[in-house]
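A.B. asks: Attaching a single structure in structure tokens format; questions to follow.
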Amino acid sequence: MSTMTTTVIKPRIRGFICITSHPTGCEAHVQEQINYVKSKPPIESGPKKVLVIGSSTGYGLASRIALAFGAGADTIGVFFEKPPEGGKPATAGYYNSTAFEKFAKAEGLYTKNFNGDAFSDEMKEQVCETIKKDLGQVDAVIYSLASPKRVHPRNGTVYSSALKPIGQTFTAKTLDTDKELIKDITIEPANGAEVTDTLAVMGGEDWLFWIEALKKAGVLAPGAMTVAYSYIGPSVTWPIYRDGTIGQAKKDLETTAKKISAMLAHENGKALVSINKAVVTQASSAIPVVPLYISLLYKVMKEKGLHEGCIEQMYRLFATQFYNSKQPTLDSDGRVRVDDWEMREDVQQAVQKLWLEVTSENIRDISDFEGYKTEFLKLFGFGLPGVDYEAPVSLDV
Ligand code: NAD
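FYI, our numbering numbers position 264 of the sequence shown as 288, with every residue one higher than the one before it.
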């Protein structure tokens, strides 16, 4: 319900999260990404009806924007965000999704948002019914969830994911983004339950459940493609990422891609995992070591003219790998790689050198920590050009 109350909203950062967000700023952030896509050539022969699971922030939002505004796709978005309540602003993804809907509808694109738990059977049923009623079928399903927990729809167990190494203690440099200090962090290895629980949250089972539900409802078009996102990165992050609890879950995602591909093969459908580059999102800010790595990576990639954020990555993914008469180029493990520029040898060598040198004293000079902070604030709608942050705004949009 709309109220007339207006207020001035300022960022309030707590650790790796900002607990406020700015509605006008979030709208400007969405507009900025739409403008980028519109400045590029259209994505020819792109999908026309798309389901994006995890569509409100980060890579999922950028996928939705790239396909709606690059390929003219009708989209259904599923996300889990808080509306404004008790004088507190909504979460950024809520404002992003409202802004997306406004801009997409203005272009005559069908747009539907589902705010709730994507892991539940009820959400899958509701979405399938809506596709059947409004779109008939979807020809692309983007799976871009990042969540700290999952209530299992079949046994009710609540699984929590952990970001921990496996088998050995991990000590490395990390950046305390709040205090702006480089310090060592030591993380004890995960126990067995933490490994399996993380797999239950971030592994492939829910992706499979979605495709099974869509297929059973008859709402997946012949030749449909589905893609889920993963990360590999450099060896400094492997103990906490690739070889850690989250890495096991991501390996499961790759196994699931093969299962889903087999399921869809008779109708020429396919499932792929795309390895994306490291970018500033709410999910990546929460991973120890990663914000420091991103600050150094951004410095190097900007200097080399290779910098990309979510929207540049997702436009490139769809424009050069899936559509425009292109076929995905797969690595030896069958994955799409849009982390190719990040992983270039010259880029990684330069980052590695800076990694050894970086301290609290020189972080501002040798890394792009400023860029990191700017991007982080933008996730919550702060620091966007043209937005008057002194003006009171309505929390309801
Ligand atoms: P993000 O935090 O920006 O987005 C997560 C999305 O999931 C949001 O839309 C959120 O609303 C939604 N979500 C979370 N729990 C949900 C639930 N229970 N029900 C419905 N929606 C829910 O994260 P991101 O960084 O864009 O990550 C998306 C994917 O990309 C992940 O698989 C991540 O591992 C992968 N990835 C991220 C990076 C990176 O650097 N950020 C790099 C490579 C791959």
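Where is the CB? At the ideal position from N, CA and C, for every residue including glycine. On a predicted model such as this, the values are computed, not experimentally measured, just so you know.
(1) How many Å lie between T115 and S45 at the Cα?
(2) What does L354 pair with, by DSSP beta-bridge criteria?
(3) By how many angstroms is the C-alpha of P47 removed from the C-alpha of E56?
(4) In whole angstroms, what separates the C-alpha of A295 from that of L159?
(5) Could you name the residues that DSSP lists as bridge partners for A164?
(6) With H, G and I counted as helix, E and B as strand and the rest as coil, what does DSSP make of A114?
(7) Give me the Cβ distance between V304 and T269, rounded to the nearest whole Å; I'm assuming they're in contact under 8 Å.
(8) Which same chain residues end up closer than 6 Å to D276 when comparing Cβ atoms and leaving out the 5 residues on each side of it in sequence?
(9) Measure the C-alpha to C-alpha separation of K173 and S184 and round it to an integer number of angstroms.
(10) Can you tell which of K283, P312, Q161 and A142 has the C-alpha that lies nearest to the C-alpha of V225?
(11) Just curious, the alpha helix (DSSP H) that S185 is in, first and last residue?
(12) Under 6 Å, CB to any heavy atom of ligand 1. Which residues pass, going along the chain?
(13) Cutting at 7 Å between CB atoms, please list the residues of its own chain near T347, excluding the five before and the five after it.
(14) Using CA atoms only, rank isn't needed, just tell me which of A97, I155 and K157 is closest to E131.
(15) With burial defined as no fewer than 16 other Cβ atoms inside 10 Å of the residue's Cβ, what is the status of V175: buried or exposed?
(16) Smallest Cα separation from A201: which of F40, T31 and A415?
(17) Considering only the alpha carbon of each residue, which of E146, R266 and T122 lies closest to P258?
(18) Would you mind working out which of E414, S391, L169 and L401 sits nearest K274, comparing C-alpha positions?
(19) Please report the Cβ distance between Y83 and Y253, rounded to the nearest whole angstrom; I am assuming they are in contact, meaning their Cβ atoms lie under 8 Å.
(20) Enumerate in chain order the residues of its own chain whose CB-to-CB distance from M25 is below 6 Å, with the five nearest sequence positions on each side excluded.
(21) Round the Cβ separation of I299 and S308 to the nearest angstrom and send it over; I've been treating them as touching at under 8 Å.
(22) Quick check: what's the CA-CA separation for G407 versus Y413?
(23) Nearest to V182 by alpha carbon, out of P213, D221 and Y119?
(24) In this structure, how does DSSP classify L91 when only helix, strand and coil are distinguished?
(25) Can you tell which of P416, K197, E204 and I235 has the C-alpha that lies nearest to the C-alpha of K282?
(26) In the structure shown, what three-state DSSP assignment does E366 receive?
(27) Along the chain, where does the alpha helix (DSSP H) containing K402 start, and where does it finish?
(28) Which of the three DSSP states is assigned to K173 in this structure?
(29) State yes or no: is the C-beta of D370 within less than 9 Å of the C-beta of K301?
(30) Residues in its own chain within less than 6 Å of R359 by CB, not counting five upstream and five downstream?
C.D. replies: Looking at the atomic coordinates:
(1) In the sequence shown, residue 115 corresponds to position 91, counting from 1. In the sequence shown, residue 45 corresponds to position 21, counting from 1. Approximately 6 Å between the Cα atoms of the pair.
(2) Sequence index remark: in the sequence shown, residue 354 carries index 330 (1-based). In the DSSP output, where bridge partners are listed per residue, L354 has V360.
(3) Reading the sequence shown from its first residue, position 32 is the one you call residue 56. Reading the sequence shown from its first residue, position 23 is the one you call residue 47. E56 and P47: Cα-Cα distance of roughly 14 Å.
(4) In the sequence shown, the residue the question calls residue 295 occupies position 271. In the sequence shown, the residue the question calls residue 159 occupies position 135. Cα-Cα distance, rounded: 21 Å.
(5) Here residue 164 refers to the residue found at position 140 when the sequence shown is read from its first residue. The partner list for A164 (beta bridge, DSSP) reads V74 and M249.
(6) If you number the sequence shown from 1, residue 114 lands on position 90. The answer is coil: DSSP assigns A114 none of H, G, I, E or B.
(7) Counting from one through the sequence shown, the residue named residue 304 turns up at place 280. Counting from one through the sequence shown, the residue named residue 269 turns up at place 245. With 8 Å as the limit, V304 and T269 do not qualify as a contact, their Cβ atoms being about 22 Å apart.
(8) Taking the first residue of the sequence shown as position 1, residue 276 is located at position 252. Contacts found: L223, G227 and G228.
(9) One-based indexing of the sequence shown puts residue 173 at position 149. One-based indexing of the sequence shown puts residue 184 at position 160. Cα to Cα, K173 sits roughly 4 Å from S184.
(10) In the sequence shown, residue 225 corresponds to position 201, counting from 1. Cα-wise, what sits closest to V225 is A142.
(11) Sequence index remark: in the sequence shown, residue 185 carries index 161 (1-based). Unbroken run through S185: none, as it is neither H nor E.
(12) G78, S79, S80, T81, G82, Y83, G84, V102, F103, F104, E105, G117, D141, A142, F143, S168, L169, A170, S171, Y253, S254, Y255, N300, A302, V303, T305, Q306, A307 and S308
(13) Position 323 of the sequence shown holds residue 347. In the sequence as presented, Thr is not what sits at residue 347; that position holds Tyr. Taken in chain order, the residues that qualify are I67, E68, S69, G70 and A95.
(14) Position 107 of the sequence shown, counting from 1, holds the residue named residue 131. Cα-wise, what sits closest to E131 is A97.
(15) In the sequence shown, the residue the question calls residue 175 occupies position 151. With fewer than 16 Cβ atoms within 10 Å of its Cβ, V175 is classed as exposed.
(16) As a working mapping, residue 201 is identified with position 177 in the sequence shown. It should be noted that the sequence gives Thr, not Ala, for residue 201. Checking every option, the nearest Cα to that of T201 belongs to F40.
(17) On the sequence shown, residue 258 is found 234 positions in, with the first residue counted as 1. It is R266 whose Cα lies nearest to the Cα of P258.
(18) As a working note, residue 274 is residue 250 in the sequence shown. Here the closest residue by C-alpha is L169.
(19) The sequence position of residue 83 within the sequence shown is 59, counting from 1. The sequence position of residue 253 within the sequence shown is 229, counting from 1. With 8 Å as the limit, Y83 and Y253 qualify as a contact, their Cβ atoms being about 5 Å apart.
(20) The residue given as residue 25 occupies position 1 in the sequence shown. Only weak support is given to the placement of M25: the predicted model assigns it a pLDDT of 45, under 50, and the value that follows is read from those uncertain coordinates. Counting only Cβ-Cβ distances below 6 Å, and skipping sequence neighbours, we find nothing.
(21) The residue you call residue 299 lines up with position 275 of the sequence shown. The residue you call residue 308 lines up with position 284 of the sequence shown. Contact doesn't hold; Cβ gap of about 14 Å is too wide.
(22) The residue labelled residue 407 in the question sits at position 383 within the sequence shown. The residue labelled residue 413 in the question sits at position 389 within the sequence shown. Going by the C-alpha atoms only, they are around 8 Å apart.
(23) The count along the sequence shown starts at 1 and reaches residue 182 at position 158. Ranking P213, D221 and Y119 by Cα distance to V182 puts D221 first.
(24) As a working note, residue 91 is residue 67 in the sequence shown. Residue state, collapsed to three classes: helix.
(25) Here the question's residue 282 lines up with position 258 in the sequence shown. The shortest Cα separation from K282 among P416, K197, E204 and I235 belongs to I235.
(26) For this step, residue 366 is matched to residue 342 along the sequence shown. Of the three classes helix, strand and coil, the one that applies to E366 here is coil, per DSSP.
(27) Here residue 402 refers to the residue found at position 378 of the sequence shown. Unbroken alpha helix (DSSP H) run through K402: F393 to L403.
(28) Along the sequence shown, one-based indexing puts residue 173 at 149. Strand at K173.
(29) Position 346 of the sequence shown, counted from the first residue, corresponds to residue 370. Position 277 of the sequence shown, counted from the first residue, corresponds to residue 301. Contact flag unset, no.
(30) Taking the sequence shown and counting its residues from 1, the one referred to as residue 359 is at position 335. For R359, where only same-chain residues beyond five positions count, the Cβ hits under 6 Å are V297 and I299.
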